[in-house]
Amino acid sequence: MAKLPTQQLYINGKYTNATSGETFETTNPATGDVICDVQIASTADVDKAVKAAQAGFKIWSKMSGTERSRILLKAVALLRERNDELAILEVMDTGKPMQEANCVDVESGAECIEYFAGLAASINGEHIQLANGNFAYTRKEPLGVCAAIGAWNYPIQIACWKSAPALACGNAVIFKASEVTPLTALKLAEIYTEAGLPDGVFNVVSGLGPVGQMLAEHEGIEKISLTGSVPTGKRVMESASKTLKHVTLELGGKSPLIVFDDANLDNAVSAAMLANFYTQGEICSNGTRVYVHKDIKDTFLEKLIERTSKMIIGDPMDLETHVGSLIHKDHMEKVLNYIEIGKNEGATLAYGGNQVTVEGFEKGCFIEPAIFTDVKADMRIAREEIFGAVMSVITFDSEDEVVEAANDTQFGLAAGVFTQDINRAHRVIENLEAGTCWINNYNITPIEMPFGGYKQSGIGRENGTAAINHFTQLKSVYVEMGDVDCPY
Ligand code: NDP
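To convert, note that position 96 of the sequence shown is 95 in this note's numbering; the numbers rise steadily by one, no gaps.
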């Protein structure tokens, strides 16, 4: 495919040349082809975006929630109209299968904006009655300019998940996508402008880590919301501390999925596959430690391997493909290295784990989904986030033992339980140290449900009404109805 034109920054409602004179390449990981060059924002460009956002904020924050909602809903319609075109761009930039991108990536972003558009007119404070007719009221006010930094696995979804609540609350946004997937956030900016968002209310500054750092440190920015790894989260929090910004962090995980002996096994196998192999395993909340009760382990594995062996690895654009390309060569090497580590640590590679050469896509980064058994709690494959399709199956005997093992991690993003015993399901969930949990399913993230992590998996929540609290600040106002009681 011919190289696309160089991508500019998006500031103040239009495409703008960066002043750095520098660019980076974004590549299609399945083919190895350069998709296009992307301009890198300089400090001056970031300043310009902040100024535009501050000006946009003055207009946007004074509009009623209903007016904001109307514009956001137009963006939703445009996103849906452009679903196929955006899905193609997303598949090119990420290597993920089209069968996912064409119904999940853009649509889940659109749904998020639709949900927060629905809430925009109901973001209210409360009235508090006090003695002697006095009263107080609270106002939920926007924070100002919010910066959002995305990871590469769900580029447009992340841009929507962050901008939707921020904009619904009346904030302005400056977005930086991951350097490996910079394209669709720019399209979202175009769509917001076309929908009627005032200039400067949503800006995109592209670049590498240092551009993210400029945002995290900038004095004109009130909040930073990051989706990324734990080490980046720590760095962002440190940078943000210089100006005491509000911080939301959606970070990594090593989540447990517990399958008890009374579980519906076919459903549990479906969930374990979705929890490990969807998007080549490049999902933060994946249930990569699959704890299976010892009495059902053999049947579980038999069904799991049989179904996994039928997964189609190949051209991400082909609608039949289940497993596309990993994001880039370095990441593929990292995942393959973990598979070697697992073997060397003494785990049994029960299925897959080999690099695959796909005809016509010889430069792609394809790996067979991998299933390890005989995994022990102290092995690196059971402790570290791999971010690839590598499942560790671990057997257990008792409920207490499995809960303790599940919690024995620095992460706490997600967890799942499969059982038909409702008391056990709720009891186990209560004892799991994870922010997002599922009973008898996995990785379902309806926009109405808050999403986020415990422990080192993050701070704050996205989605649901919980997100509103992270994009507003509370002003308390006391109203005196009588005289001032003064002893002087
Ligand atoms: P990284 O942490 O490498 O990068 C995340 C973003 O931060 C990128 O845009 C990156 O820019 C930027 N960045 C890098 N350094 C800095 C810095 N010093 N200051 C500010 N920004 C910076 O994550 P990946 O993109 O590799 O994504 C994978 C990780 O994201 C995994 O750990 C995964 O678990 C996590 N994740 C979490 C999710 C959640 O909701 N909890 C969802 C999806 C992923 P650049 O790319 O240009 O270097």
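By construction, the Cβ of each residue, glycine as well, lies at the ideal position given by its N, Cα and C atoms.
No experiment lies behind these values; they were computed from the predicted model shown.
State yes or no: is the C-beta of Lys175 nearer than 7 Å to some heavy atom of ligand 1?
-> yes
Which word fits Pro368, buried or exposed, when buried means at least 16 other C-beta atoms lie within 10 angstroms of its C-beta?
-> buried
Nonlocal neighbours in the same chain, by C-beta distance under 6 Å from Thr26, ignoring five residues either side = In its chain, beyond the 5 residues on either side, Val33 have a beta carbon closer than 6 Å to the beta carbon of Thr26.
By a C-beta neighbour count over all protein chains shown, 10 Å radius and 16 as the cutoff for buried, is Ile257 buried or exposed?
-> Label assigned to Ile257: buried.
For ligand 1, any of its heavy atoms closer than 7 Å to the Cβ of Ser383?
-> It is Glu, not Ser, that sits at residue 383 in the sequence shown. It does not: the Cβ of Glu383 is nowhere closer than 7 Å to a heavy atom of ligand 1.
Given that a residue counts as buried once 16 or more other Cβ atoms are within 10 Å of its Cβ, and exposed if not, what is Cys485?
-> Burial call: exposed.
Other residues of its chain near Thr226: CB distance less than 6 Å, five sequence neighbours each side excluded | Gly149, Ala150, Ile157, Glu249
Spell out whether any CB of chain C is found under 8 Å from the CB atom of Asp198.
-> Given the protein chain composition of this structure (a single chain), no chain C is represented.
Continuous alpha helix (DSSP H) stretch holding Glu106: start and end = Per DSSP, Glu106 belongs to the alpha helix (DSSP H) from 105-119.
Which two residues bound the contiguous alpha helix (DSSP H) that contains Asp36?
-> Going by DSSP, Asp36 is part of no alpha helix (DSSP H) but of the beta strand (DSSP E) stretching over 33-38.
Would you say Asn170 and Leu214 are within 8 Å of each other, going by their C-beta atoms?
-> no
Counting Cβ pairs, one atom from each stretch, are 3 or more of them under 8 Å apart for the region 190-201 and the region 47-55?
-> yes
Going along the chain, which unbroken runs of the beta strand (DSSP E) with 3 or more residues stay wholly within the region 409-433?
-> The region 409-433 contains these whole beta strand (DSSP E) runs: 413-417.
Classify Ala346 as helix, strand or coil using the three-state DSSP reduction.
-> coil
Looking at C-beta atoms only, is the number of pairs between the region 340-348 and the region 296-309 that lie closer than 8 Å three or more?
-> no
Relative to ligand 1, is the shortest distance from any of its heavy atoms to the C-beta of Trp437 smaller than 7 Å?
-> no
Would you say Gln409 touches ligand 2, meaning its beta carbon is less than 7 Å from a heavy atom?
-> The model depicted lacks ligand 2 and carries ligand 1 instead.
Three or more beta-carbon pairs under 8 Å between the region 408-423 and the region 326-336, yes or no?
-> no
Rounded distance between the beta-carbons of Pro164 and Phe450, thought under 8 Å = Incorrect: roughly 12 Å between the Cβ atoms, too far for contact.
Bridge partners of Cys493, per DSSP?
-> Any answer about residue 493 is impossible in this case: the structure gives the chain only from 0 up to 487.
Confirm the yes/no value for this check: CB of Ser224, any heavy atom of ligand 1, distance under 7 Å.
-> no
Between the CA atoms of Leu243 and Thr372 - distance to the nearest angstrom | 46 Å
Determine the closest residue to Ala188 out of Val203, Ala120, Asn442, Ala239, with distance taken between C-alpha atoms.
-> It is Val203 whose Cα lies nearest to the Cα of Ala188.
Where does the unbroken beta strand (DSSP E) through Glu89 begin, and where does it stop?
-> No beta strand (DSSP E) contains Glu89, which is instead part of the alpha helix (DSSP H) from 82-93.
Hey, how far is the Cα of Ser475 from the Cα of Thr137?
-> 4 Å
Using the C-alpha atoms, what's the distance from Glu281 back to Ile223?
-> 23 Å
With hydrogens ignored, establish whether the beta-carbon of Cys283 is closer than 7 Å to any heavy atom of ligand 1.
-> yes
Do Leu273 and Asn442 come within 8 Å of each other at the CB atom, strictly closer than that value?
-> Yes, Cβ-Cβ distance for Asn442 and Leu273 is below 8 Å.
Can you find a heavy atom of ligand 1 that lies under 7 Å from the Cβ of Leu300?
-> Not under cutoff, so the answer is no.
Should Val389 and Phe395 be called a contact, given that it needs their Cβ atoms to be closer than 8 Å?
-> no
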